[in-house]
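For the sequence shown, UniProt numbering gives the first residue as 1, with consecutive numbering after it. Cβ atoms here follow ideal geometry from the backbone N, Cα and C, with glycine treated the same way. Below: the structure, in structure tokens.
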Amino acid sequence: MPLPLLEAQCAAQSIGPFNTMVSALIQALLAAQCAISTPELWPPDYANALLGRTEPDEYDFVVVGAGSAGSVIASRLSENPAWKVLVLEAGGDPPQESEVPGIYFSLKRTNTTWNYLTEYSDKACWGLVDQRCYWPRGKMIGGSGGVNGMLYVRGHRGDYDSWAQAGNVGWGWNDVLPYFERSVHPVGNNTHPRGYVTLNAFPVNDPDIEQMIYAGTAELGIPRVHLFTDGSETGYSNLPGTIMNGRRMSPGKGHLASAAKRPNLQVIKNAHVTKLNFDKSGRNVRSVSFTVRNERKMRVNVGKELVLSAGAIESPKLLMLSGVGPAAHLKTMQIPLVHDLPIGDNLYDHAQVVTFLKLNEGVAYKLTPQDSFDSTFNYLIHRSGPLTSHGAGSLTGFINTLKNSPYPDVEFHHFIVRRGDFAGLEIFLHGLSINEYFKAQIRIAIEVSDILGMFNILSTPKSSGNLRLRSADYKDSPLLTHNYFNNAEDMATLLRTIRFQEQLLKTAAYRAMNASLVLPTIDECDTFELQSDGYWRCYIKYFSATTYHQSGTVKMAPATDDTSCVDPRLSLRGVNNLRVVDASIMPKVPSANTNAATIMIAEKAADFIRQDWRDAWQPVY
Ligand SMILES: Cc1cc2nc3c(=O)[nH]c(=O)nc-3n(C[C@H](O)[C@H](O)[C@H](O)COP(=O)(O)OP(=O)(O)OC[C@H]3O[C@@H](n4cnc5c(N)ncnc54)[C@H](O)[C@@H]3O)c2cc1C
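Here it is in structure tokens:
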């Protein structure tokens with residue numbers, strides 16, 4: 001029988017011993033909460049030492065951004081003890097919620113994320129707050145790798161082969177595979193090269209629903225595959241995660257923090273880089289201007305190279321603020337031109353449409369507050385239970401909706417909220433930025449059933465957008481134009497995806513769980529026949545969202561290509577000592593989630609830098 005956990009009153013008091021026991025328990029719980037994220041997990045902050053001085057040190061390499069790519073490159077470059085490396089990161093240490101896989105979705109719309117809203121579109125995100133797509137990025141040690149879903153997947157070999165075919169020599173699948181391999185350390189595999197990225201299976205919280213998904217998709221002829229890591233498959237699988245012992249292992253922790261004891265590596269937290277300062281010729285970056293803790297303006301000289309790893313939104317923004325970008329645009333911003341390059345174009349993302357299924361209506365077990373206390377207690381004290389994982393979040397499908405090639409055009413993710421878990425549903429809907437009107441309707445379903453959220457993701461989008469400055473003030477968010485579904489093929493692919501999902505609902509496996517769609521009242525869409533093409537097009541306009549894979553805004557391409565911003569060694573065109581190393585260099589977004597690819601890019605960039613500086617230091621992989 002559930003205990004009256006929140007309402008009980010004391011009739012009799014403890015005479016002493018039990019008070020002591022309960023106090024000890026409360027203290028243990030508080031200590032266990034702190035133990036989730038102790039100072040040793042993160043690099044020390046060099047700001048304290050720096051603020052007491054007039055001049056910063058001299059560094060060989062200055063890395064802007066301690067995200068997925070910045071953490072990797074800083075850790076690799078500092079393997080050479082003769083190179084002094086500085087990392088400037090706008091955020092601080094990740095909050096506890098970043099560490100706990102079961103609540104990672106709660107990090108959105110906080111001061112630990114950059115909270116971008118895209119420009120208005122007549123085609124997407126109408127059911128979200130302010131009718132805008134919400135694009136969060138991590139602002140912390142680890143960057144977006146500190147807020148992401150921890151899913152590790154590399155993409156299809158064809159993704160990288162197409163990068164190489166576009167003239168990016170050295171970026172085909174066979175070229176990049178060794179860098180993917182070098183970066184990881186699958187737990188339990190001692191013969192594998194010891195990369196910093198720790199991979200583990202996610203604990204399975206909802207075996208019944210996962211079984212339904214596997215069985216239902218099998219009925220439709222979609223295979224269950226062991227792993228997607230050989231870069232070639234469609235099918236369903238549980239992706240490995242960048243997790244360890246129920247906690248996140250972002251590159252911020254796995255790479256940067258584990259290297260931070262090196263005397264030649266320093267990290268300044270809450271250091272917002274505001275400008276890259278070029279010499280008169282524009283061929284060299286001489287120094288970097290930044291503001292520490294929003295109060296102290298500083299500059300640091302660049303010795304050998306500047307590595308820009310501020311991510312697909314802030315890297316192009318910073319370049320434009322520094323005079324590198326489309327000449328006409330910089331002129332309107334009254335920013336003196338240093339280099340005329342198509343920075344900010346080629347903005348790719350994986351747009352998705354979210355659908356909701358009700359399962360086990362009326363018969364699902366309804367969670368109680370006691371279940372929630374149990375799961376918090378089990379996580380804190382035993383590092384076990386539902387919070388160690390994000391449910392079916394790792395169960396991922398790749399299919400080709402046209403059935404005409406082994407190359408996927410759609411990816412599926414799943415999100416389960418059990419009946420009665422109102423807090424979990426709120427985190428999920430808030431994270432997605434669903435507006436209050438629709439939230440209220442979806443909440444009704446969680447009273448009576450489990451909810452399976454389906455992320456139906458365009459894995460090979462044809463539409464791309466762009467990024468421009470709103471003003472020359474570094475504090476202003478850039479203008480983000482996503483152009484989701486501007487190419488009609490993207491909408492057609494999502495429609496086929498929805499039809500696939502309707503087929504799933506007819507399978508024996510889904511029927512056994514009484515699966516049915518939650519179709520909220522949408523006045524505009526309800527004028528169409530329910531579930532007709534017109535209806536679904538309209539539904540997609542309301543329930544479309546990002547999958548957080550912004551990329552491509554500082555495009556890598558050969559010199560012969562007018563759209564090139566960096567060359568295939570990631571050097572900025574026309575500049576001797578600036579490399580861009582993050583998701584922004586992707587010529588096109590791969591057909592899968594982008595973290596593994598970003599880490600691979602940084603591993604490869606570290607080799608370029610070593611080669612170009614004829615570094616005699618031999619790292620051991
Ligand atoms: C919510 C979410 C979920 C995701 N889920 C997954 C997933 O499960 N699997 C997957 O493969 N991918 C996922 N991704 C995508 C993946 O995490 C990103 O593609 C990857 O982290 C990008 O790495 P990056 O180095 O390019 O940028 P980031 O990791 O974003 O790093 C950029 C860093 O630069 C810092 N910075 C920016 N501007 C400045 C400045 N001016 N001065 C100083 N510092 C600055 C930022 O604070 C940040 O720390 C997800 C992303 C998000 C946001």
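Cβ-heavy atom distance, residue i to ligand 1, below 8 Å
i           : result
Trp42       : no
Asp582      : yes
Pro56       : no
Leu128      : no
Gly254      : no
Met491      : no
Arg109      : no
residue 633 : Residue 633 lies beyond the stretch modelled for the chain, which goes from 1 to 621, so this question has no answer here.
Tyr548      : yes
Asn486      : no
Tyr510      : no
Thr598      : yes
Gly534      : no
Trp114      : yes
Leu151      : yes
Ala312      : yes
Tyr474      : yes
Close-in-space but distant-in-sequence residues of the same chain around residue i (CB under 8 Å, 5 per side omitted)
i           : result
Leu359      : Ile209, Met212, Ser449, Asp450, Ile451, Leu452, Met513, Asn514 and Ala515
residue 629 : This structure cannot settle anything about residue 629, because the visible part of the chain is limited to 1 through 621.
Leu362      : Here the sequence assigns Gly to residue 362, which means Leu is not the residue at that position. Correct list, in chain order: Val448 and Ser449.
Beta-bridge pairing of residue i - partner residues as DSSP gives them
i      : result
Lys588 : Paired residues: none, contrary to the question.
Ile451 : Lys358 and Val417
Pro406 : For Pro406, which the question treats as bridged, DSSP gives no partner whatsoever.
Ser471 : Ser471 pairs with nothing; no bridge assigned.
Gln266 : Leu86
His185 : Thr198
Lys275 : Ser289
Asn466 : Thr481
Phe61  : Val85 and Glu305
Met333 : Its beta-bridge partners do not exist; DSSP assigns none.
Beta-carbon gap between residue i and residue j smaller than 9 Å
i      : j      : result
Pro326 : Pro336 : no
Phe415 : Phe398 : no
Lys261 : Asp93  : no
Asn466 : Thr546 : no
Ser237 : Leu395 : yes
Gly67  : Asp582 : yes
Ile73  : Ser309 : yes
Lys253 : Leu88  : no
Thr355 : Phe543 : yes
Lys108 : Asn486 : no
Val100 : Arg247 : yes
Tyr539 : Cys525 : yes
His430 : Val575 : no
Ala24  : Ile381 : no
Leu256 : Gly142 : yes
Leu306 : Val285 : yes
Residues near residue i by beta carbon distance below 7 Å, same chain, minus five either side
i      : result
Asn264 : Ser78, Pro81, Trp83, Lys84 and Val85
Trp171 : Tyr160, Trp163, Ala164 and Pro568
Gly167 : Ala557, Pro558, Thr560 and Asp561
Ser287 : Asn277, Arg299, Val300, Asn301 and Val302
Ala8   : none
Contact set for residue i: own chain, Cβ-Cβ below 6 Å, skip 5 residues either direction
i      : result
Phe438 : Gly127 and Pro520
Thr563 : Pro342, Lys555 and Ala557
Ser477 : Tyr116
Gly391 : Asn205, Asp206 and Ile416
Member of the options whose CA lies at the smallest distance from the CA of residue i
i      : options                           : result
Val64  : Cys133, Thr274 and Trp613         : Thr274
Asn111 : Lys123, Glu97 and Thr198          : Glu97
Thr401 : Ala201, Asp490, Arg76 and Asn577  : Asp490
Val589 : Asn115, Asp349 and Gln33          : Asp349
Ile444 : Met454, Val518, His482 and Val62  : Val518
Phe180 : Phe202, Ala201, Val153 and Asn189 : Val153
Ala596 : Gln501, Ser250, Asn404 and Ala124 : Ser250
Asp45  : Ala90, Asp206 and Asp340          : Ala90
Gly52  : Cys10, Arg296 and Arg496          : Arg296
Thr497 : Thr460, Asn576, Val410 and Arg573 : Val410
Ser405 : Asp122, Arg511, Arg248 and Thr234 : Thr234
Ser372 : Ala423, Asp345, Ala328 and Gly282 : Ala423
Ser464 : Pro223, Asn346, Gln441 and Leu504 : Asn346
Leu50  : Leu6, Arg511 and Val292           : Val292
9 Å Cβ cutoff, residue i in contact with chain E
i      : result
Asn435 : Here chain E cannot be found, since the structure has a single protein chain.
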